[in-house]
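In the UniProt record's numbering, the protein residues as written are 1 to 393.
Cβ coordinates follow ideal geometry from the N, Cα and C atoms, glycine included.
The structure appears below as structure tokens.
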Amino acid sequence: MKNSTHGGNIYKKAKELGLREDQILDYSANISPLGIPAHIKKAMVDAIEGSVNYPDPDCTALREAIGRQDGVEPGAVACGNGGADLLYRLAFGLKPEKVLLPVPAFVEYEEAMTAAGAQMVYEPLDEEMCLRPDVTERITGDIDLVILCNPNNPTGLLTDRRQVLDILQKAQEMHCRVLVDECFLEICEEEADYTVKPYLKDYPNLMILKSFTKLYAIPGVRLGYLLCGDPAVIARINRAGQAWSVSHIAQCAGVAALEHPEYRAAVVRTVKEERDFMKKELRQLPLCLFDGRANYLFFRTPGVTDLDRRLEARGIMIRNCGNYENLSGDYWRIAVRDHKENVRLLGELRRALEEDNTFTREGRDGYGKGNHGAGYHVEFGKDICDSGAVSGL
Ligand SMILES: Cc1ncc(COP(=O)(O)O)c(C=O)c1O
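Here it is in structure tokens:
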């Protein structure tokens, strides 16, 4: 298991760099570029008075609101202190012994599962960072849980619903559960075509993880939920932690969030515009860009493993992906933020890459195909990888 560093630790980085937290431009965590909407701020301020009482341990109003939004019964919803809390509850509540995990994937899956004693079985993604077509063959009788992330973190790539359904079907036949993490899917314009929410009734072995923290820009508040058509699973997840894991403020924030669907539409629109702009600009840089669909982008700078430190010197944090299983230290993930910030990031990124003369036009000849073992070919103005994993907008 690799180390468990996450993006978004501005507190540690500010201390290291001798800066205040607000002097750091954080591209390492993927949060809505529109910030906390006014209606959620108001709901949280209004909730201060009610915080004199313990929060509702059943999250009644919140589960009802989620049920209405997602087309499920409130009984199919378990709320938690962020999606991450639900991963631990799932691990300790269901106690899977063997977990199949396509990698690279969000580091917390493995952290949570192994904390509860599970053994991980890694399934490397193919060269294009996609699930292999024969992944269903890996769901053997000894696998208790398969975890899929859609869109995947860190790649931002989407997996076709047909492939997810094939996995669900095979898993059902093998009495195996499947967790589909859709925490970033609501930020993708393609959500309706990719979500497996409509299949919760058909597949009681399906669990879907959702989060409020990214879409509504409230990672510091902590709020997530899990959907499952099997009430026994919901009961076990609820029992696997303290009764009051979701604060009153977080519950009120969640209810307010769901009352204003227009905010989500605005986030999706802004992210798409900015992501397209960033892709266009990144394709002018000497790096291998993947065709991410979420509010973050994933790329490789073959052989360059200190890009984060070069950008830190400019007050910008990006996510080094070297601690993801199946990735080396020259893979990076950057958030999609607002336009002004993205322009700044792209300028600094260009300058940071120019520090390395292997990336200059003169230097690139010695940097081509075959020199890096991964079959990458880097060319100016194009985002070419031999694997074809990268593509245009
Ligand atoms: C893919 C994925 N799922 C779930 C989470 C958990 O999010 P939270 O605990 O903030 O709801 C994260 C956090 O980064 C993530 O990247």
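Using a C-beta cut-off of 8 Å, the region 234–251 makes contact with the region 76–96, since at least three inter-stretch Cβ pairs fall below that distance. DSSP places Leu158 in the coil class of the three-state scheme, outside both helix and strand. Per DSSP, reduced to three states, the secondary structure at Ile316 is strand. Put simply, the region 85–92 does not touch the region 55–70. Fewer than three CB pairs are less than 8 Å apart.
Within its own chain, the residues whose Cβ lies closer than 8 Å to the Cβ of Pro219, once the five positions on either side in sequence are excluded, are Gly8, Ala29, Ile31, Gly82, Thr213, listed in chain order.
Non-local C-beta neighbours of Glu186 in its own chain, meaning closer than 7 Å and more than five positions away in sequence, comprise Leu215, Arg264, ordered along the chain. With contact defined as three or more Cβ pairs closer than 8 Å, the region 298–306 and the region 328–340 are in contact. In this structure, Ser328 has its CB at a distance of at least 7 Å from all heavy atoms of ligand 1. The three-state reading of DSSP puts Gln284 in coil, since its state is none of H, G, I, E or B.
Of Ile167, Pro55, His260, the smallest CA-CA separation from Ile40 is found for His260. Nearest C-alpha to Lys95 among Asp85, Thr114, Phe106: Thr114. Just so you know, the alpha carbons of Gln163 and Arg20 end up roughly 46 Å apart. Taking 8 Å as the cut-off, the beta carbon of Tyr203 is found no closer than this to the beta carbon of Leu158.
Tyr27 has its alpha-carbon roughly 39 Å from the corresponding atom of Gln172.
Here the alpha carbon of Glu355 sits roughly 27 Å from the alpha carbon of Tyr11.
If you draw a straight line from the Cα of Arg132 to the Cα of Leu285, it comes to about 29 Å.
Between the alpha carbons of Glu274 and Asn153 lies a distance of about 19 Å.
Short of 6 Å from the beta carbon of Val221, and not among the five residues preceding or following it, lie these beta carbons of its own chain, in chain order: Ala250, Ala253.
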